[in-house]
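In the working numbering, the protein residues as written are -16 to 264. Note that beta-carbon positions come from the ideal geometry of N, C-alpha and C, so glycine has one too. Here is the structure we will look at.
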């Protein structure tokens, strides 16, 4: 999917919602366990109920890989079922040397049919460039994550400073800023995005100074405590430039036979809030 096609969907749906299909077989409604493939049945009903409110789905590979071959079959079926006008993100966080990255890219882009894959940048350019060789596909680089352990590396300063904890140190002088400023040169705003956690929304203004045109995939809104209003205020660019992800808050809104209906209501609520922020731009 191209950049212009993504913008078209944002305008049409008045939404920049990405729904995480983090489907845990121990959490899905019990009545679905009677199906031959309960994981796919859950995803299918969630997709049917929410597709008018979102512009992307993001399955987390761990939930499918943990089930072995059957889980990967469920994943393939779910990706195939997602409508072609909705962006499909593999939340895989891959990152390895060139030949291995090329095989990962072939798996996610050619076999599964994803539009994008999340990639860890720690091993440098040869872990990312093979993914960028695929036309109309996207690489989403982990830059600033929302987990507690992000402070272990991502916030470290690159310049010697007598007071590392003092306020006023720019993002460009920290590890995550270096990730942004370096990797942005390996691709373009047409094939490269960045993950920036919603719980770091106050830093989005500085991040936008480094990558003003790129899309940002922002997890952490909803159950993890991120504020959609703050993310939208600090993270939007002239063409929106955001995929804001919500997973558990939507897909597990209910656990009875009406789970899909409740998921739709939750997705619609988020979409309507997004519409107000888009109208303010």
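- Determine the burial state of residue 33: buried for a count of at least 16 other Cβ atoms within 10 Å of its Cβ, exposed for fewer. Taking the first residue of the chain shown as position 1, residue 33 is located at position 50. Buried, since its Cβ has 16 or more Cβ neighbours within 10 Å.
- From residue 227 to residue 36, what distance separates their C-alpha atoms? Taking the chain shown and counting its residues from 1, one reaches residue 227 at position 244. Taking the chain shown and counting its residues from 1, one reaches residue 36 at position 53. So the two alpha carbons sit approximately 12 Å from each other.
- Task: Mind reading off the beta-carbon distance from residue 194 to residue 163? Whole number of angstroms is fine, and I expect it under 8 Å.
- Result: As a position in the chain shown, residue 194 is number 211, starting the count at 1. As a position in the chain shown, residue 163 is number 180, starting the count at 1. Cβ-Cβ separation between residue 194 and residue 163: approximately 5 Å, consistent with a contact (criterion under 8 Å).
- Message: I'd like to know whether the C-beta atoms of residue -11 and residue 65 end up nearer to each other than 9 Å.
- Response: One-based indexing of the chain shown puts residue -11 at position 6. One-based indexing of the chain shown puts residue 65 at position 82. Going by C-beta atoms, residue -11 is not nearer than 9 Å to residue 65.
- Task: Please go through the same chain and pick out, in chain order, the residues whose beta-carbon is closer than 7 Å to the beta-carbon of residue 148, but skip the five residues on each side of it.
- Result: The sequence position of residue 148 within the chain shown is 165, counting from 1. Annotation note: pLDDT 48 at residue 148 (below 50); position unreliable, no value reported.
- Query: Does any C-beta atom of chain D lie closer than 9 Å to the C-beta of residue 87?
  - Reply: Protein chains in the displayed structure number just one, and chain D is not present.
- Kindly confirm or deny that the segment 107 to 127 and the segment 164 to 180 touch, where touching means at least three C-beta pairs closer than 8 Å. By the Cβ rule, the segment 107 to 127 counts as touching the segment 164 to 180, because three or more pairs are nearer than 8 Å.
- From the DSSP output, in three-state form, read off residue 265 for me. This structure gives no information on residue 265, because the portion of the chain shown stretches from -16 to 264.
- Say the cut is 8 Å; is the CB of residue 89 nearer than that to a heavy atom of the ligand COA? This structure lacks the ligand COA; in fact it carries no ligand of any kind.
- Does the Cβ-Cβ distance between residue 73 and residue 46 come in under 9 Å? Here residue 73 refers to the residue found at position 90 of the chain shown. Here residue 46 refers to the residue found at position 63 of the chain shown. In this structure, the beta-carbon distance from residue 73 to residue 46 does not fall below 9 Å.
- Message: Once the 5 residues before and after residue 209 are set aside, which same chain residues still bring their CB inside 6 Å of it?
- Response: For the purposes of this step, residue 209 is taken as residue 226 along the chain shown, with counting starting at 1. Excluding residues within five positions, the ones whose Cβ falls inside 6 Å are 181, 182, 203.
- Considering only residues of the same chain and omitting the five flanking positions on each side of residue 78, which have a CB-CB separation below 7 Å? Locating residue 78 in the chain shown gives position 95, counting from the first residue. The beta carbon of residue 78 sits closer than 7 Å to the beta carbons of 102, 103, 104, 105, 106, 110 from its chain, once the five residues preceding and following it are set aside; these are given in chain order.
- Message: Within 10 Å of its beta-carbon, does residue 67 have 16 or more other beta-carbons around it, so buried, or fewer, so exposed?
- Response: Here residue 67 refers to the residue found at position 84 of the chain shown. With fewer than 16 Cβ atoms within 10 Å of its Cβ, residue 67 is classed as exposed.
- Message: Beta-carbon within less than 7 Å of residue 244's beta-carbon, same chain only, minus the 5 sequence neighbours each way: which residues are those?
- Response: In the chain shown, residue 244 corresponds to position 261, counting from 1. Spatial neighbours of residue 244 in its own chain (CB-CB distance under 7 Å, excluding positions within 5 residues in sequence) are listed in chain order as 32.
- Task: Decide if residue 24 is buried, meaning its Cβ has at least 16 other Cβ atoms within 10 Å, or exposed.
- Result: Sequence index remark: in the chain shown, residue 24 carries index 41 (1-based). A residue is called buried once 16 or more other Cβ atoms fall within 10 Å of its Cβ, and residue 24 is buried on that count.
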